[in-house]
Amino acid sequence: MKRVLLLGGTGDALTIARRLGPDHVYSLAGLGRIPGDLFCSVRVGGFGGIDGLKAFIEAQSISLIVDATHPYAAQMSRHASAVSALKSMPCWALRRAPWQPQSGDAWREAADFSSILDAIAPYHHPLWTLGREPLSHLDEIAPSQHWTIRCLDSHPGNARATIIAARGPFSLDGERALFDAQQTDVLISKNSGGAATEAKLAVARERGLPVVMLQRPGLPPVEREFSDTSSLLNALEAWLHPHPLFDKTP
Ligand code: NAP
């Protein structure tokens, strides 16, 4: 029996998971919502590094890893690639294309958190859409700034920070209203790619606002790479149920 381990954490991964039958396993870090309506089995939480992932794959007789993690979840991707090499088993990855700047965009790339802080220093109302990382810097907010931090979890914030717990997809009108309400003058974003969280970039563009884009991490090589869920699902279908071209003699 061929058994797939799907590493998830994105909407695209959930789309793939919805097509997997009960022989297969969908794995989540546990940061977001855990779907309860899938046919495949769902496991939640870290494996315990490379050794833990290898042990899981052996115990569950996994024959293919499909890495559909977020483009910034580089550690999980590195572990998947390392275990695939150790076990001489295939690892495929869904690698969503990054957003590209368009005419009117004022994007600046930042390599790390401290470069982001430098880039936003001249502004007063940054809107953070990086996830929870800024929450550990609430005591470092410049007196001239009020941060808005949008992330998955609610958090108390403080006098200089408003925390908004929200999950995409986000609409253009919703993003416009958020920028208005928070008087956003600079946007901080990952270059996640995809449509679900792209509207904020359109709002920054139409208002001529700068965007500080956290650079994507380097990702390891994999046996097969796909840029969209449908091509990955087609390949998966063919791998799980290969049909010979000629199954009858004339
Ligand atoms: P990471 O740094 O690649 O992963 C850290 C550890 O989390 C992994 O080593 C693994 O623990 C566990 N992990 C991650 N994905 C897993 C999965 N699908 N199944 C089981 N365990 C998993 O990624 P991260 O810390 O989760 O996130 C890094 C960046 O990606 C952040 O900026 C975050 O906002 C963004 N992001 C992540 C997710 C997500 O679901 N992971 C979703 C959206 C955005 P062990 O080493 O113990 O196996």
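Be aware that the sequence shown starts at 50, since it is given in the working numbering, and climbs by one per residue.
Note that beta-carbon positions come from the ideal geometry of N, C-alpha and C, so glycine has one too.
Let me check one thing: in DSSP terms, what residues is residue i bridge-paired to?
i    : result
Y75  : L55 and V91
K239 : L263
A214 : C200
F275 : L143
R157 : V261
T178 : S238
D116 : L56 and A142
N207 : A210
If residue i sits next to residue j, beta carbons under 8 Å apart, how far is it from one beta carbon to the other, in whole angstroms?
i    : j    : result
D234 : H174 : 5 Å
I106 : V261 : So it is not a contact: roughly 38 Å between Cβ atoms.
L69  : I114 : Their Cβ separation, rounded to whole angstroms, is 13 Å, which puts L69 and I114 out of contact at 8 Å.
P147 : R265 : 6 Å
G267 : R145 : G267 to R145, Cβ: 15 Å. No contact.
A126 : P270 : A quick correction: the sequence has Ser, not Ala, at residue 126. S126 to P270, Cβ: 10 Å. No contact.
Q231 : L176 : 6 Å
By alpha-carbon positions, which one of the options ends up nearest to residue i?
i    : options                   : result
L77  : R67, R68 and A62          : A62
R82  : H73, D167, G94 and D116   : G94
A104 : A129, Y121, A123 and D116 : A129
P120 : S238, L250 and P259       : S238
T178 : V252, A168, T246 and F88  : T246
E182 : D222, D167 and S163       : S163
K51  : S110, G85, L102 and Y172  : S110
A142 : R254, T59 and Q231        : T59
D154 : Q194, E286, A287 and G257 : G257
F96  : F88, L184, A108 and G85   : A108
L289 : I99, G98 and S112         : S112
L135 : D161, E286, A123 and I99  : I99
R67  : R92, D86, L236 and S279   : D86
S193 : Y172, H204 and T278       : Y172
Please list, in chain order, all residues of the same chain as residue i whose beta carbon is under 6 Å from its beta carbon, the five residues on each side excluded.
i    : result
T211 : T197
P150 : W156
R199 : T178, I213 and A215
S90  : V74
P218 : A245
Once the 5 residues before and after residue i are set aside, which same chain residues still bring their CB inside 7 Å of it?
i    : result
I190 : W196, R209 and A210
N207 : L187
A117 : L55, L56, G57, T59, D61, A62, I65 and L143
E158 : M262 and Q264
A168 : R157, A159 and V261
D202 : R181 and A214
Near residue i, which residues of its chain fall below 8 Å by C-beta distance, leaving aside the five closest residues on each side in sequence?
i    : result
E224 : A248, K249, A251 and V252
L221 : A248, A251 and V252
L281 : I65, V115, A117, W141, L143 and F275
A284 : W141, R273 and F275
Lining residues of the ligand NAP - beta-carbon closer than 7 Å to any non-hydrogen atom, in sequence order: My final list is L56, G57, G58, T59, S76, L77, A78, L80, G81, G94, G95, F96, G97, G98, G101, L102, T118, H119, Y121, A122, A123, Q124, M125, S126, H128, L179, G180, R181, E182 and K239.
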